[in-house]
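Please read the structure below before turning to the comments.
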Amino acid sequence: MRTAVITVASAARREHLERQRRILAEVGGEIVRVEAWLDETPPEDAPDAETLTLHVPPGPSGLRVGEGRNRAAAAALDAGAELLVFLDVDCLPGAGLLPAYRAAARVNPDAVLCGAVTYLSSVQRPETASDLPFLIRPHRARPALPAGETRAASRDEYDLFWSLSFAVTSSTWGRIGGFHTGYEGYGAEDTDLAWTARAADVEMLWVGGADAFHQWHPVSSPPWQHLDDILRNGATFHERWGSWPMGGWLDAFAAAGAIERRDGVWTRVRA
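All residue numbers for the sequence shown refer to numbering that gives the first Met the number 0, where the first residue is 0 and numbers rise by one.
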């Protein structure tokens, strides 16, 4: 099964991207590698002649993550990929990630496949694939199965979908239609894709053994630096689906007095 590994990248994550490239070179084998660069300017250098590098500059409201992934997927399909593996720039692939996704896709070609993600601490900076098995500690918010096992997600579990690491066959990608391009900047495009899949009766599977490792970077909770993006993208999601995503963060912003709900719409509280 000809496999593509797709990553959207930016200069702000260059160190993470370089580490991902090194480990993917160890475990990837013969793959189609596609990187979509989301900054205003394209990268000054390409990693190697085999990597397909695209430039998808920001839109008026920020980075176009969904559009970058869509264009990268199109390039991968043009290169003959049968399985699309989306791996966030912060994530390192475990040695079992690609084999587990391929095995699951052979049995379940019509499903969205989701592996477990371990969040690394600031002092955990693996340099080789051999370092990773000792660091497995999947995030408790999502199911983590033993290697070789899969389980269908319940309808409620579609809200747990992360685009950090997932895979789809070319036919399933076409059935879903890709990421909605109305989201720019931070937030909501993941949940939108999952809800689109659910609305199309595309099954979602949790896949054991497809471990990815999220490299540490500073975060805030709630993410104040993304407040305007969350409000804007949340409103787009609400228009499409009749519900607000990222509810925990919205509640936290409201509790801090930064936003309030007016006529069903979350909006900033102006001083």
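Yeah, the Cβ is synthetic: ideal placement off N, Cα and C, and Gly gets one too.
Decide if the segment 131-148 is in contact with the segment 171-182; the criterion is three or more beta carbon pairs, one per stretch, under 8 Å apart.
Cβ pair count under 8 Å is below three, so no.
Any contact between the segment 25-36 and the segment 48-67? By contact I mean 3 or more CB pairs, one from each, below 8 Å.
Cβ pair count under 8 Å is three or more, so yes.
Among the candidates THR168, GLY233, VAL206, VAL218, whose CA atom is the shortest distance from the CA of ALA73?
Translated into positions along the sequence shown, residue 73 becomes position 74. Among THR168, GLY233, VAL206, VAL218, the Cα nearest to that of ALA73 is on THR168.
Would you list the residues sitting across from TYR118 in a DSSP beta bridge?
Your numbering for residue 118 matches position 119 in the sequence shown. Looking at the DSSP assignment, TYR118 forms a beta bridge with HIS213.
Going by the beta-carbon positions, is the gap between LEU53 and VAL206 smaller than 7 Å?
Taking the sequence shown and counting its residues from 1, one reaches residue 53 at position 54. Taking the sequence shown and counting its residues from 1, one reaches residue 206 at position 207. Contact: no.
Taking 7 Å as the cut-off, decide whether the C-beta atoms of TYR157 and ARG197 are in contact.
On the sequence shown, position 158 is the one that residue 157 refers to. On the sequence shown, position 198 is the one that residue 197 refers to. Yes.
Apart from the five residues on each side of it in sequence, which residues of its chain come closer than 7 Å, Cβ to Cβ, to TRP172?
Position 173 of the sequence shown, counting from 1, holds the residue named residue 172. Taken in chain order, the residues that qualify are ALA72, LEU83.
For my contact list, LEU192 and SER162 are in at a C-beta cut-off of 8 Å; report their separation, rounded to the angstrom.
In the sequence shown, the residue the question calls residue 192 occupies position 193. In the sequence shown, the residue the question calls residue 162 occupies position 163. Going by Cβ atoms, the distance from LEU192 to SER162 rounds to 7 Å, so yes, they are a contact pair.
Could I get the ranges of all uninterrupted beta strand (DSSP E) runs contained in the segment 52-140, with 3 residues as the minimum, in chain order?
For the segment 52-140, whole beta strand (DSSP E) runs of length 3 or above, ordered along the chain, are 82-86, 90-92, 111-118.
In chain order, what residues of the same chain lie with their CB nearer than 6 Å to the CB of ALA115, ignoring the 5 residues before and after it?
As a working mapping, residue 115 is identified with position 116 in the sequence shown. Around ALA115: PRO137, ALA143, ASP210.
In or out: GLN224 buried (at least 16 other Cβ within 10 Å) or exposed?
Taking the first residue of the sequence shown as 1, we reach residue 224 at position 225. It is exposed - the Cβ of GLN224 has fewer than 16 other Cβ atoms within 10 Å.
Is the segment 87-105 close to the segment 10-24, with three or more CB pairs under 8 Å?
Contact holds: three or more Cβ-Cβ distances are below 8 Å.
Measure the CB-CB distance between LEU76 and GLN214 and report whether it falls below 7 Å.
What you label residue 76 is simply residue 77 of the sequence shown in a count that begins at 1. What you label residue 214 is simply residue 215 of the sequence shown in a count that begins at 1. For LEU76 and GLN214, no; Cβs fall outside 7 Å.
Assuming contact is defined by CB atoms lying nearer than 7 Å, are ILE175 and THR149 in contact in what I supplied?
Along the sequence shown, read from residue 1 onward, the residue named residue 175 stands at position 176. Along the sequence shown, read from residue 1 onward, the residue named residue 149 stands at position 150. Result no, Cβ atoms of ILE175 and THR149 do not sit closer than 7 Å.
From the DSSP output, read off the bridge partner residues of PHE165.
Indexing the sequence shown from 1 puts residue 165 at position 166. Paired residues: PHE85, CYS113.
Using a Cβ-Cβ cutoff of less than 6 Å, which residues in the same chain neighbour ASP109 once the five nearest sequence positions on both sides are dropped?
The count along the sequence shown starts at 1 and reaches residue 109 at position 110. Here the set comprises THR171.
Can you list, in chain order, the stretches of the beta strand (DSSP E) that have 3 or more residues and sit fully within the segment 148-202?
Runs of the beta strand (DSSP E) inside the segment 148-202: 149-151, 164-168.
What is the rounded straight-line gap between the Cα of ALA103 and the Cα of ASP262?
As a first step, residue 103 is located in the sequence shown; it is residue number 104 there, counting from the start. As a first step, residue 262 is located in the sequence shown; it is residue number 263 there, counting from the start. Distance between the alpha carbons of ALA103 and ASP262: 45 Å.
Go to GLU259, then tell me how far its alpha helix (DSSP H) extends in each direction, as first and last residue.
Within the sequence shown, residue 259 is the residue found at index 260, counting from 1. Note, GLU259: premise wrong, no alpha helix (DSSP H); beta strand (DSSP E) at 258-261.
Roughly how many whole angstroms lie between the Cα atoms of GLY95 and VAL26?
By 1-based counting over the sequence shown, the position of residue 95 is 96. By 1-based counting over the sequence shown, the position of residue 26 is 27. Near 8 Å, if we compare the C-alpha coordinates of VAL26 and GLY95.
Kindly indicate the opening and closing residues of the beta strand (DSSP E) around VAL4.
The count along the sequence shown starts at 1 and reaches residue 4 at position 5. Taken as a continuous stretch (DSSP letters only), the beta strand (DSSP E) holding VAL4 covers 2-8.
Measure from the alpha carbon of PRO98 to the alpha carbon of each residue in ARG141, ARG124, GLY147, then state which is nearest.
Taking the sequence shown and counting its residues from 1, one reaches residue 98 at position 99. When only C-alpha atoms are compared, the closest one is GLY147.
Taking all protein chains shown into account, decide if GLY233 is buried (16 or more other Cβ within 10 angstroms of its Cβ) or exposed.
Within the sequence shown, numbered from 1, the residue matching residue 233 stands at position 234. With 16 or more other Cβ atoms within 10 Å, it is buried.
So, with DSSP's three-state summary, where would you put VAL31?
The residue you call residue 31 lines up with position 32 of the sequence shown. Here VAL31 sits in strand by DSSP.
Residues in the same chain with beta-carbon distance under 8 Å from VAL201, minus the five sequence neighbours each way, listed in chain order, please.
In the sequence shown, residue 201 corresponds to position 202, counting from 1. The answer, listed in chain order, is ASP109, ALA110, VAL111, THR171, ARG174, ILE175.
By the 10 Å Cβ neighbour count, where 16 or more other Cβ atoms means buried, how is GLY186 classified, buried or exposed?
Translated into positions along the sequence shown, residue 186 becomes position 187. It is buried - the Cβ of GLY186 has at least 16 other Cβ atoms within 10 Å.
Does DSSP classify GLY241 as helix, strand or coil?
Start at 1 with the first residue of the sequence shown, and residue 241 comes out as number 242. Three-state result, GLY241: coil.
Short of 7 Å in beta carbon distance, which residues of its chain neighbour PRO276, apart from the five on each side in sequence? Order them along the chain.
The first residue shown for the chain is 0 and the last is 270, placing residue 276 beyond what the model contains.
Find out if the Cβ-Cβ distance for the pair ARG1, ALA80 is shorter than 7 Å.
The residue you call residue 1 lines up with position 2 of the sequence shown. The residue you call residue 80 lines up with position 81 of the sequence shown. Against a cut-off of 7 Å, the Cβ pair of ALA80 and ARG1 comes out as a contact.
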